Amino acid sequence: MTQRRVIKKTPEERCAYFLRISRHYQKENDPRLAVDYATKGLELARKHNLEAYRASFEEIIRQPGG
Numbered sequence: 005m006t007q008r009r010v011i012k013k014t015p016e017e018r019c020a021y022f023l024r025i026s027r028h029y030q031k032e033n034d035p036r037l038a039v040d041y042a043t044k045g046l047e048l049a050r051k052h053n054l055e056a057y058r059a060s061f062e063e064i065i066r067q068p069g070g
């Protein structure tokens, strides 16, 4: 049986993912999902002191409709 290694993503990569997904839902006019993903990303950005992402997530939460 072969072993599989999982490559763990960095906090920056995870924040970028959450930002991309929340902006996608913002464009698709689903503000609830946009805010859900932005909230998850905001928690991660605060935990790892990623200020640029934090500002973006806060903006999406303030204006979820785009």
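In this note's numbering, the protein residues as written are 5 to 70.
Every residue gets a Cβ at the ideal spot worked out from N, C-alpha and C, and that includes glycine.
Just so it is clear, the structure is predicted and the values come from calculations on it, not from any experiment.
Q: Determine the extent of the alpha helix (DSSP H) in which D34 is found, giving its start and end residues.
A: Element bounds for D34: n/a, residue is neither H nor E.
Next on the checklist: Can you tell me whether K44 is helix, strand or coil according to DSSP?
Outcome noted: helix
According to DSSP, is I11 helix, strand or coil? Secondary structure of I11 (DSSP, three-state): coil.
I need the DSSP call for L23, collapsed to helix, strand or coil.
Looking at L23 - three-state DSSP - the assignment turns out to be helix.
Would you mind sorting A38 into buried or exposed? The rule is 16 or more other CB atoms within 10 Å of its CB.
-> buried
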